[in-house]
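A.B. asks:
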Amino acid sequence: MQGFNLRKKRVESLDFLKFVSATIIIFHHFQMRFQYENRIIDFSNGPISYGLIVELFFMISGMLTELNYDKYRQQGLGEFVKGRILRLYPMMILACLFFCLCDFIYLKETGAWFEGWRTQRSLYIVIASMTGIFKGGAIGDVAWGCNNPTWYISVLIVCYIFYHLILSAEKRFYVNRIYFYVAMVFLGLSIRTYEINLPFMNLDVSRGYYSYFWGILFLHLYGWMKHWLSSKCRIVFSLLVIVMFVWCGLYHPAFILDHDWFNFTFLLFPSILLFTETLFETCRLRCNKI
Numbered sequence: 012m013q014g015f016n017l018r019k020k021r022v023e024s025l026d027f028l029k030f031v032s033a034t035i036i037i038f039h040h041f042q043m044r045f046q047y048e049n050r051i052i053d054f055s056n057g058p059i060s061y062g063l064i065v066e067l068f069f070m071i072s073g074m075l076t077e078l079n080y081d082k083y084r085q086q087g088l089g090e091f092v093k094g095r096i097l098r099l100y101p102m103m104i105l106a107c108l109f110f111c112l113c114d115f116i117y118l119k120e121t122g123a124w125f126e127g128w129r130t131q132r133s134l135y136i137v138i139a140s141m142t143g144i145f146k147g148g149a150i151g152d153v154a155w156g157c158n159n160p161t162w163y164i165s166v167l168i169v170c171y172i173f174y175h176l177i178l179s180a181e182k183r184f185y186v187n188r189i190y191f192y193v194a195m196v197f198l199g200l201s202i203r204t205y206e207i208n209l210p211f212m213n214l215d216v217s218r219g220y221y222s223y224f225w226g227i228l229f230l231h232l233y234g235w236m237k238h239w240l241s242s243k244c245r246i247v248f249s250l251l252v253i254v255m256f257v258w259c260g261l262y263h264p265a266f267i268l269d270h271d272w273f274n275f276t277f278l279l280f281p282s283i284l285l286f287t288e289t290l291f292e293t294c295r296l297r298c299n300k301i
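Using the numbering used here, you'd call the opening residue of the sequence shown number 12 and step up by one each time.
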């Protein structure tokens, strides 16, 4: 797993992609919620589903987790989950409380709940949202949360638990964890393909399974590519895939859009990750020589 330098506290290439992805998600939800039309780029109603950027977030989360493999394999499941919860839950609770505050202000000013056409406000929904047990979690009948984007954290915590269970299985049964990662990717793909709708086995959590664990597998694949391919070859290869993807999107959109979630997750996003990290790596090497 050479590359993605961890000698520093931050991985610059992944930070850059998180910033770009977060910006796109903000525009996507802004246009979707307020029906704001943009003639240049439509982040909500256009042919491309920009909500698929969430898959890239899951991939990056998987990569960052695996980069800390040596640390996490020494922790027990309780300690590991506790650390994840203390890091993620405060952010999720604050996001839900802030949304509720804004919702009450909107009710006072307009006489109707914000997005009242979509869900009925209740304490039950607020608690389900703050605890992360709606959508991909333990409660499968809550279609929307009070702050719906928090479903990502809900699913991410489930992925974290499976990740540590895999590390435990590797230590106990001496089975290479890569096999388990592959199995989780296929589990996610199967849930989505066969439209299974059960707690921890539905569309939303499947997006986490196949993209989070595919991110981990890509990290190992990157190590192999770095060993066998020069930085120039990696940049050219990734650019060719990105250009081909854009060309197909312009002239043969059905080829991309008919299975956009699969094409984005397994073709476009890995190419972007490969190009970005190789470019940042090249820049780091040149800066060190100066």
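Every residue, glycine too, gets a C-beta built ideally from N, C-alpha and C.
Just so it is clear, the structure is predicted and the values come from calculations on it, not from any experiment.
Of the choices F30, A194, D53, K29, whose alpha-carbon is the least far from that of H40?
C.D. replies: Ranking the options by Cα distance to H40, first place goes to D53.
A.B. asks: Quick check on L261: does DSSP put it in helix, strand or coil?
C.D. replies: DSSP places L261 within a helical segment (H, G or I) once states are collapsed to three.
A.B. asks: For the alpha helix (DSSP H) holding T121, just list the boundary residues, first then last.
C.D. replies: 88-121
A.B. asks: With H, G and I counted as helix, E and B as strand and the rest as coil, what does DSSP make of N209?
C.D. replies: Checking the sequence, you will find Leu at residue 209 rather than Asn. Here L209 sits in strand by DSSP.
A.B. asks: Taking the alpha-carbon positions, what's the L240 to H270 distance?
C.D. replies: L240 and H270: Cα-Cα distance of roughly 30 Å.
A.B. asks: Taking 8 Å as the CB-CB limit, is V22 close to chain C?
C.D. replies: Here chain C cannot be found, since the structure has a single protein chain.
A.B. asks: In three-state terms, what does DSSP make of Q42?
C.D. replies: helix
A.B. asks: Please return the same chain residues whose Cβ sits closer than 8 Å to the Cβ of I104, not counting the five positions on each side in sequence.
C.D. replies: M141
A.B. asks: Which stretch, first to last residue, makes up the alpha helix (DSSP H) that contains L176?
C.D. replies: 162-184
A.B. asks: Sorted by chain position, which residues of the same chain lie with C-beta nearer than 7 Å to F280's C-beta, five sequence neighbours on each side aside?
C.D. replies: Within the same chain, F280 has close Cβ partners E66, L67, M70.
A.B. asks: For the alpha helix (DSSP H) that H231 lies in, which residues bound it at each end?
C.D. replies: 214-239
A.B. asks: Work out the CA separation of A33 and E23 for me, nearest whole Å.
C.D. replies: 15 Å
A.B. asks: Among residues of its own chain, excluding the 5 on either side of N158, which ones have a beta-carbon nearer than 7 Å to its beta-carbon?
C.D. replies: Taken in chain order, the residues that qualify are A106, C107, F110, S140.
A.B. asks: Buried or exposed for W128, please, with buried defined as at least 16 other CB atoms from any protein chain shown within 10 angstroms of its CB.
C.D. replies: Since pLDDT at W128 reaches only 41, below the 50 mark, its modelled position is unreliable, and no value is offered.
A.B. asks: Of all the options F173, Y233, W124, which has the alpha carbon lying nearest to the alpha carbon of F191?
C.D. replies: Among F173, Y233, W124, the Cα nearest to that of F191 is on F173.
A.B. asks: What residue does the alpha helix (DSSP H) around F273 start on, and which one ends it?
C.D. replies: DSSP places F273 in the uninterrupted alpha helix (DSSP H) bounded by 271-274.
A.B. asks: Whose C-beta lies closer than 8 Å to the C-beta of L278 among residues of the same chain, with five residues either side of it excluded?
C.D. replies: V252, F256.
A.B. asks: Should R84 and L178 be called a contact, given that it needs their Cβ atoms to be closer than 8 Å?
C.D. replies: yes
A.B. asks: For K198, which residues of its own chain have a beta-carbon under 7 Å away from its beta-carbon, when the five flanking residues on both sides are left out?
C.D. replies: The sequence given here has Leu at residue 198, not Lys. Annotation for L198: Y220 place their beta carbon closer than 7 Å to its own, counting only its chain and skipping 5 residues before and after.
A.B. asks: In whole angstroms, what separates the C-alpha of G89 from that of F38?
C.D. replies: 37 Å
A.B. asks: Assuming R84 is part of the alpha helix (DSSP H), what are its boundary residues?
C.D. replies: It is not in any alpha helix (DSSP H) - R84 carries neither H nor E in the DSSP assignment.
A.B. asks: So what's C157 in DSSP terms, helix, strand or just coil?
C.D. replies: In the three-state reduction of the DSSP assignment, C157 falls in the coil class, being assigned neither a helical nor a strand state.
A.B. asks: Using the rule of at least 16 other Cβ atoms within 10 Å of the residue's Cβ for burial, across every protein chain shown, is T276 buried or exposed?
C.D. replies: buried
A.B. asks: Just mark F266 as buried or exposed, buried being the case when its beta carbon has 16 or more other beta carbons within 10 Å.
C.D. replies: exposed
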